[in-house]
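Counting from 6, one number per residue, gives the positions in the sequence shown under this note's numbering. Don't be surprised by glycine CBs; every beta carbon is placed ideally from N, CA and C.
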Amino acid sequence: MTRTGKTALITGASSGIGAEFAAALAARGDDLVLVARSLPRLEALAAHLSQRHGVRVEVIGQDLTAPDAAARVTEELAARGLSIDVLVNNAGFGSAGRFEDLGVEREHDQLMVNVVALAGLTRRLIPDMLERGGGEIVNVASTAAFQPSPYFATYSSGKAFVLNFSLSLWSEYRGRGIKVLAVCPGPTETPFFETVGTRDAALGRMGSATAVVRSALRALERNRGYVVPGAQNFAAAHLMPRRPRTLVARIAKFVTRAVEDGGRPIDEMAAAA
6 MTRTGKTALI TGASSGIGAE FAAALAARGD DLVLVARSLP RLEALAAHLS QRHGVRVEVI
66 GQDLTAPDAA ARVTEELAAR GLSIDVLVNN AGFGSAGRFE DLGVEREHDQ LMVNVVALAG
126 LTRRLIPDML ERGGGEIVNV ASTAAFQPSP YFATYSSGKA FVLNFSLSLW SEYRGRGIKV
186 LAVCPGPTET PFFETVGTRD AALGRMGSAT AVVRSALRAL ERNRGYVVPG AQNFAAAHLM
246 PRRPRTLVAR IAKFVTRAVE DGGRPIDEMA AAA
């Protein structure tokens, strides 16, 4: 296999969509830097991908809830002499249930991972990409980014940030050598729903992480700005009326109230949207 000469950094790479991104990018010949909290799982994946595809795979164990997580990751990259050509901000987790029942610290940590670490890594890596004349950034959002989602308030609002942040940068860096993509998957077969006990929270048919990554890489190559993998997910994301917003929020409550009725709040770390 011919190596591309590119190095891709993937957060939340130990399972789910992150692991699929790692496999796909290694298969095309990219060297990898895998970032997650779980070092044993990262090291096992790194050994497998390196042996199978003949690429260099580095691992960095980092808790992305830490306020200085982005700084620590980039300092480690500098210490190892690594430059990043492809950034995949995939790490994230979600919570669902009545807002007053959700843990305060857990909601804070969710925003630190889904929003703060994502924006921080992007900000720290873009200058080097510009200096070298190009780069690619993939931010994993969700179909939840397209409208308010009662019982998923923190999660959907964080993903709305990811979508708008990505599209803003996509427009800003067009013509400057950097491609930016927001990936907005619907319910996906990942560890996200492992301990829920019911799949009512999935709000739709489950897709595969492999299909999500395949769709994302096609869209990235075409510099589309964002992509919603799957026709059903695309329709759900785009066909709901956008105004008035209060009506949209009330409609969304009827869609998501299965979470409340089920009485089982989701609070599961996942390397997926």
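Counting C-beta pairs closer than 8 Å gives fewer than three between the stretch 101-116 and the stretch 127-142, which falls short of the contact rule.
Along the stretch 138-191, the beta strand (DSSP E) occurs as fully enclosed runs of 3 or more residues at 140-145, 183-188, listed in sequence order. For the 8 Å CB-CB criterion, Leu-92 and Leu-14 form a contact.
Residue pairing by DSSP puts Ala-13 in a beta bridge opposite Leu-37, Val-91. Considering only Leu-37, Gly-180, Gly-163, the residue with the shortest C-alpha distance to Asn-228 is Gly-180. For Thr-193, the pairing in a beta bridge is given by DSSP as Gly-212. With fewer than 16 other Cβ atoms from the protein chains shown falling within 10 Å of its own Cβ, Gln-56 counts as exposed. Bridge pairing for Ile-65: Val-40 [DSSP].
Distances from the alpha-carbon of Asn-119 to those of Asp-90, Thr-127, Lys-164, Ala-101 put Lys-164 closest.
Around the Cβ of His-58, a 10 Å sphere holds 16 or more other Cβ atoms; the residue is buried.
When Cβ pairs closer than 8 Å are counted between the two stretches, the stretch 62-78 is seen to touch the stretch 121-129, the count reaching three or more.
Relative to Ser-20, the option among Glu-194, Met-117, Ala-236, Arg-219 whose CA is nearest is Glu-194.
Three or more Cβ pairs closer than 8 Å define a contact, and the stretch 211-228 falls short of that threshold against the stretch 155-162. The beta carbon of Gly-140 is closer than 6 Å to those of Asp-90, Met-134, Ile-183 in its chain, skipping five residues each way along the sequence. Ala-27 is positioned such that its CB atom lies closer than 8 Å to that of Leu-39.
Following the DSSP letters along the chain, one finds Ala-74 inside the alpha helix (DSSP H) bounded by residues 74-84. Taking a 10 Å sphere around the C-beta of Gly-10, we find fewer than 16 other C-beta atoms and assign the residue as exposed.
When DSSP states are grouped into helix, strand and coil, Ser-55 belongs to the helix group. Between the alpha carbons of Cys-189 and Ala-224 lies a distance of about 12 Å.
Collapsing the DSSP output to three states places Ala-71 in coil.
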